[in-house]
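A.B. asks: Structure below; questions to follow.
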Amino acid sequence: MSSPSRLRRGLLAAALSLALPALALAASGGKPTSAFQAVDPMIGTGGDGHTFPGATVPFGMIQLSPDTAMPDFKHAYKWAAGYQYGDTSILGFSHTHFSGSGHSDLGDFLVMPIAGDVKLDPGTPDQPGSGYRSRFDHASEKAEAGYYAVTLADYGVRAELTAGRRIGWHRYTFPKGKPAHLLMDLRPSIYDYDGKVLWSSVRVRADGTVTGGRTTRGWAPGRQLYFAMRFNQPLVSRSLKNREENIPYRGFGGPGNRGTDTDAMSGRALEGVFDFGDLTQPLVVKMAISSVSEENAIANLDQDGAGFDFDTRRAEARQQWEKVLSVVDLDAPAQDRKTFYTSLYHAMLSPTLSMDVNGQYRGPDNQVHTAKGFEFHSTWSLWDVYRAQQPLMTLLEPEKSNDFVSSLIASREASPFGILPVWAYQGMETWCMIGYHAVPVIADAYMKGIRGYDANKALEAMVASATYGPYGGLDDYMKLGYVAIDHQPESASKTVEYAFDDWSLAQMAKAMGKDDVAATFMKRAGNWKNSFDTKTGFLRARKSDGQFREPFDPSSAAYGSDYTEGNAWQYSWYVPQDVAALIEALGGNDAFAKKLDEVFEAKVDPKSFAHVEDITGLIGWYAHGNEPSHHVAYLYDYAGKPWKTQERLTQIMKTQYTPTPTGLVGNDDLGQMSAWYIFTALGFYPVAPGSNQYVIGRPFVGKATLNLSNGKHFTVSTDHLDAGHPYVGKVTLNGKPLNRTFIRHEEIVAGGELHFSMQATPAKDWATGTDALPYSMSKSAN
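Numbered per the numbering used here, the sequence shown spans residues 4 to 785.
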């Protein structure tokens, strides 16, 4: 996903190797590590992965992590998660982060332990000692699920972090003989260091609790966040400072205090220095946050943050991760286990809990609401996660999916526009990206039997979102059957994405017996044809007079052009609801497969996309680092050529994932890149969420067992899994031959075994008949 200005991925070309991934080649050797031990939060922290290495729990409200930079807007892309593996100094530790986004905000409530003299400004990395930042080296870092530690070399401080659902826990061990301080800087934020804070406040209460908050004008303008912080050591002294000389009053809390105080300050450039003298034991700090109020932050701290036992809290975080990671038992070599379980870890970070212990949360109307019967979650990168990350949650975490759907409905009810979220976090809307992709998230959950919410309210919210004319050219779409390029940028992409969303809405409406609604949106699901040019064989943008926009270059990609973060070569395949009709439009199975081959085999200079950060992980025109390409390799199945899907998946898995800091070729996008890997490793992928089908590719694991929430177990097993046997020879489901290229959701949750036999040459007689093909709306027998 990306920002409104489409900040995102840098360019990385991938080799066209057909070798089997390390996933199946390495010998495991020795006792395998546990799922928890296999997780490496450093994967994706370099390059354009944009993951953070710090401490959090599954879907937790706190993401306590080191920040190596918080640059301004023009330079923010590389530091969307606050941390870049190639950096050599740490600015401090903040409590909120996105995982793998292409645009950012957050980085709230930065703290830095300091031994000795205190400097009030961060300084610059190339001038050690110029500010409060400190050098570090990776040899001193330790990162595991729920825990992070590093030695701050300039202070000799050992910093350790862990997290609860609403609490960030810090333990700082200071060197002897130097006074210990904790600096809190309320000025910085990821994405825009200067001028982003509209207002902030901090005060030290009579019992020593430090509370405060701020209002920022970042990605979600007017976002409010509050904190409550306590220490296990008594304060020797403290000072609160407002560093801004001329403070304009802007109506966000009254005129600020200039200068320094010890009890309370307000303004736009606040810092606090908390002094503890010479410590003989570690300083433990705990902080709770709330989007509602300081009082709610205190309540969160009181309920979720009793005591100061850091090791117990670390153990609790580990237990939470061990529980959710145990949903899959994997038999694979060590490096493959690392990639797989880290992918599962990344897929279970978002959406994040965004609700206080009393049930209150802030909605898109910037008002306080109370959740009843569910836990409110936000951080919705919907343009990305509806494709695989949320379908993965319906399979592995169906109870969480209930909360997620309920949260989407609640957000719609609090929306000033009466529609579902587009890209929201901490309850606030950003309007980033295209589509109304909360619709397929809800539809997919409903179709899979996840029903812990009011389905009628859900359908009402879906229809409202799909018919809100002012949004993204929907007025044109409803009138013309496509989005007009002379009225809206990226209109070709919008047309096909709306059509898929409409199809998913129709599936749910039909299942609910709402036949009139289903018929309306099933018709709209065919609107992709109105932007598909059969003469050129590409999806194209049309003007309001019905003419395709000229001149046309299918290789052209630019922000604000006909396509969203892509070009015609990448977007012309986006008809997941009716691939059979797309095949027909392109001249049949052979012509379709030939053109797919052209996608993967094109000679493309990655420098040609230097102006578009988001098009990465190139294999020909295929760009694995961006979501519009994620289903493309599976499309050969629909043309009766599954062996070619198997070849392309081998190519992708080999070149796009490695268990290293730079092991993700593009932004993880809140778990979407990781979810693609998990599904593909297991041997199937949800090309059309809402169809209840997973399209079969080929497995990349010897054996994996899904331990499902209903008590059933579903095992994927493989024989002859090595570099010399890259093709599927035959498949059985519960011991019976499976001669089709899809498996149903109901078959997985019923438990059983899907077994693959691999072979050296393509099995061109397996699953090639018309009755073996996955779902298409124009041929819906399956």
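Beta carbons: idealized from backbone N, C-alpha and C, even for Gly.
If you check the beta carbons only, do Ala-763 and Gly-705 fall under 8 angstroms apart?
C.D. replies: Against a cut-off of 8 angstroms, the Cβ pair of Gly-705 and Ala-763 comes out as no contact.
A.B. asks: Just curious, the alpha helix (DSSP H) that Gln-573 is in, first and last residue?
C.D. replies: Segment 571 to 574, the alpha helix (DSSP H) holding Gln-573.
A.B. asks: Assign Thr-127 to one of two classes, buried (16 or more other C-beta atoms within 10 Å of its C-beta) or exposed (fewer than that).
C.D. replies: Result: exposed.
A.B. asks: Is Ser-5 helix, strand or coil when you go by DSSP?
C.D. replies: Because the pLDDT of Ser-5 is 47, which lies under 50, any placement of that residue in the model is unreliable, and the number read from its coordinates should be weighed accordingly. Coil, per DSSP.
A.B. asks: Could you compute how far the alpha carbon of Asp-188 sits from the alpha carbon of Val-207?
C.D. replies: If you take the alpha carbons of Asp-188 and Val-207, they lie about 15 angstroms apart.
A.B. asks: Determine, using beta carbons only, whether Ile-618 and Ala-626 come nearer to each other than 8 angstroms.
C.D. replies: Against a cut-off of 8 angstroms, the Cβ pair of Ala-626 and Ile-618 comes out as a contact.
A.B. asks: Please determine if the segment 655 to 662 and the segment 689 to 699 are in contact, where contact requires at least 3 C-beta pairs separated by less than 8 angstroms.
C.D. replies: The segment 655 to 662 vs the segment 689 to 699: no contact.
A.B. asks: At what residue ranges does the segment 105 to 158 contain a whole run of the beta strand (DSSP E), taking only runs of 3 or more?
C.D. replies: With a minimum length of 3 residues, the continuous beta strand (DSSP E) runs that stay inside the segment 105 to 158 are 113 to 118, 145 to 147 and 150 to 155.
A.B. asks: Here's the rule: buried if 16 or more other CB atoms are within 10 angstroms of the residue's CB, otherwise exposed. What is Thr-773?
C.D. replies: By the 10 Å Cβ count, Thr-773 comes out exposed.
A.B. asks: Answer yes or no: do Phe-62 and His-490 have a C-beta to C-beta separation smaller than 8 angstroms?
C.D. replies: For Phe-62 and His-490, no; Cβs fall outside 8 angstroms.
A.B. asks: For Glu-630, count neighbouring C-beta atoms within 10 Å of its own C-beta (all shown protein chains included) and say buried if the count is 16 or more, exposed if not.
C.D. replies: Per the 10 Å Cβ criterion, buried.
A.B. asks: Per the DSSP calculation, Met-431 is bridged to which residue(s)?
C.D. replies: BP columns for Met-431 point to Tyr-428.
A.B. asks: Could you tell me if Pro-473 is buried or exposed, where buried requires 16 or more neighbouring beta carbons within 10 angstroms of its beta carbon?
C.D. replies: Exposed, since its Cβ has fewer than 16 Cβ neighbours within 10 Å.
A.B. asks: Can you tell which of Ser-496, Asp-518, Ile-488 and Ala-528 has the C-alpha that lies nearest to the C-alpha of Pro-507?
C.D. replies: It is Ser, not Pro, that sits at residue 507 in the sequence shown. Answer by Cα proximity: Ala-528.
A.B. asks: Among Phe-311, Asp-312, Phe-313 and Met-290, which residue has its Cα nearest to the Cα of Ala-302?
C.D. replies: Residue Met-290 is the option with its Cα nearest to Ala-302.
A.B. asks: Kindly indicate which residue of Ala-571, Ala-272, Asp-608 and Val-615 has the alpha-carbon position closest to the one of Gln-598.
C.D. replies: It should be pointed out that residue 598 corresponds to Lys in this sequence rather than to Gln. With distances taken between Cα atoms, Lys-598 lies closest to Ala-571.
A.B. asks: Just to confirm my understanding: we take Pro-251, look at its own chain, exclude 5 residues before and 5 after, and list those with CB closer than 6 angstroms. What are they?
C.D. replies: Caution applies to Pro-251, whose pLDDT of 47 falls short of 50 and renders its modelled position unreliable; the model cannot decide the point.
A.B. asks: With a threshold of 8 angstroms on Cβ separation, who are the neighbours of Gln-87 within its own chain once the five nearest residues in sequence on each side are excluded?
C.D. replies: Taken in chain order, the residues that qualify are Thr-48, Gly-49, Thr-71, Ala-72 and Lys-81.
A.B. asks: Locate the beta strand (DSSP E) running through Val-288, then write down its first and last residues.
C.D. replies: It spans 286 to 293 - the beta strand (DSSP E) in which Val-288 sits, taken as one unbroken run.
A.B. asks: Hey, how far is the Cα of Leu-724 from the Cα of Leu-709?
C.D. replies: Using only the alpha carbons, I get a separation of about 19 angstroms.
A.B. asks: Report the residue from Trp-769, Val-360, Val-42 and Gly-714 whose alpha carbon sits nearest the alpha carbon of Leu-398.
C.D. replies: Per the Cα distances, Gly-714.
A.B. asks: Between Ala-79 and His-100, how many whole angstroms is the CB-CB distance? I'm expecting something under 8 angstroms.
C.D. replies: 13 angstroms between Cβ atoms; not a contact.
A.B. asks: If we count Cβ pairs, one from each stretch, closer than 8 angstroms, do we get three or more for the segment 588 to 603 versus the segment 554 to 569?
C.D. replies: Short answer: they don't touch.
A.B. asks: Would you kindly check if the distance between the Cβ of Ser-92 and the Cβ of Arg-138 is under 8 angstroms?
C.D. replies: Closer than 8 angstroms, so yes.
A.B. asks: Pull up the CB-CB distance for Ser-712 and Glu-402, whole angstroms please, since I reckon it's below 8 angstroms.
C.D. replies: With a Cβ gap of about 7 angstroms, Ser-712 and Glu-402 count as contacting.
A.B. asks: Applying the 10 Å Cβ sphere with the 16-neighbour rule, what's the burial state of Gly-308?
C.D. replies: Burial call: buried.
A.B. asks: Got a sec, what are the start and stop residues for the beta strand (DSSP E) Glu-463 sits in?
C.D. replies: From DSSP, Glu-463 is part of no beta strand (DSSP E) but of the alpha helix (DSSP H) over 458 to 469.
A.B. asks: Grouping DSSP H, G and I as helix and E and B as strand, with all else coil, what is Glu-756?
C.D. replies: Strand, per DSSP.
A.B. asks: Are Arg-743 and Ala-766 touching if we call contact CB-CB under 8 angstroms?
C.D. replies: No, the pair does not count as a contact, with Cβ atoms beyond the cut-off.
A.B. asks: For a test of the three-state rule: what should DSSP assign to Leu-589, helix, strand or coil?
C.D. replies: Leu-589 falls in the coil class under three-state DSSP.
A.B. asks: Less than 7 angstroms between C-beta atoms, sequence neighbours within five positions excluded: which residues of the same chain meet that for Val-752?
C.D. replies: Within the same chain, Val-752 has close Cβ partners Leu-711, Asn-713 and Lys-715.
A.B. asks: Go through the segment 300 to 334 residue by residue and report every complete run of the beta strand (DSSP E) that reaches 3 residues or more, in order.
C.D. replies: With a minimum length of 3 residues, the continuous beta strand (DSSP E) runs that stay inside the segment 300 to 334 are 331 to 334.
A.B. asks: My guess is that Val-444 and Leu-385 are in contact by the Cβ rule of under 8 angstroms, so how many angstroms apart are they, rounded?
C.D. replies: Indeed, because the Cβ distance is near 7 angstroms, the residues count as touching under 8 angstroms.
A.B. asks: Who does Met-268 pair with in a DSSP beta bridge?
C.D. replies: Answer is Val-205, bridged to Met-268.
A.B. asks: Express the C-alpha separation of Pro-367 and Pro-419 in angstroms, rounding to a whole number.
C.D. replies: Roughly 7 angstroms between the two C-alpha positions.
A.B. asks: So, with DSSP's three-state summary, where would you put Tyr-252?
C.D. replies: At Tyr-252, the pLDDT of 42 sits below 50, so the modelled position is not reliable and the matter cannot be decided from this model.
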